[in-house]
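Residue numbering for the sequence shown is 272 to 426, as defined by our numbering.
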Amino acid sequence: MFFSKRICGVQTIEPDYLRHFYRGLIFVSLRCKFTIFLLFMNNRELRVIADAILDKKGEDVISLDLRPIGTAITDFFMVCTGTSTTMVSAIADNILKEAKEKLGIKPLRMQGLENAFWVIIDFGNVVVHIFLKEYREFYRLEDLWADAPRVTYTD
272 MFFSKRICGV QTIEPDYLRH FYRGLIFVSL RCKFTIFLLF MNNRELRVIA DAILDKKGED
332 VISLDLRPIG TAITDFFMVC TGTSTTMVSA IADNILKEAK EKLGIKPLRM QGLENAFWVI
392 IDFGNVVVHI FLKEYREFYR LEDLWADAPR VTYTD
């Protein structure tokens, strides 16, 4: 599916999956000559998600800024580790609760809660990966996106 929008008198047609991207942006147009996109939610979203992970004792919490990488499917990855499947589930539940309460957002999709080895929560511009330690070491997601700027979160 596609949706259409008008920017500075120019009609654009874009894939439907980009619609959620514009939700996290403030669009400021100055007499339709200059268009400025200001990201207003990303830092707050990342901090709330990191705090939710750290509240449940998640380990090795990092975020990867994928915006400079042209082929990335999202703006940020948040990656963390849990020591057991119970802990992975608790971290995921806390992220969902805090995102709803503090940010007023729900995930677009989630995967992996059934077995809790690797849970993915997609908020559109932020995708959260919660790994068991063995799975994180095996998949090495951070190495795959080694060019991305990285931020480490601690208590």
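Just so you know, even glycine gets a beta-carbon here, dropped at the ideal spot from N, CA and C.
T423 (DSSP reduced to helix, strand or coil) = strand
ask   = Can you name, in chain order, every residue of its own chain whose Cβ lies under 6 Å from the Cβ of S334, other than the five neighbours on each side?
value = L317, F347, M349 and V422
message = Looking at the secondary structure, which residues open and close the alpha helix (DSSP H) in which F394 lies?
response = Taken as a continuous stretch (DSSP letters only), F394 belongs to no alpha helix (DSSP H), as it is neither H nor E.
query = Just the Cα atoms here: how many angstroms apart are P420 and P339?
reply = 9 Å
query = Which residue's Cα is closest to the Cα of V398: K328, T345, V319 and A387?
reply = T345
ask   = Would you call the region 350-367 and the region 401-414 in contact, with 3 or more CB pairs under 8 Å?
value = yes
task = Within its chain, find whatever has a CB closer than 8 Å to the CB of G329; leave out the 5 residues flanking it on each side and keep chain order.
result = C351, T352, G353, M358, I362 and I401
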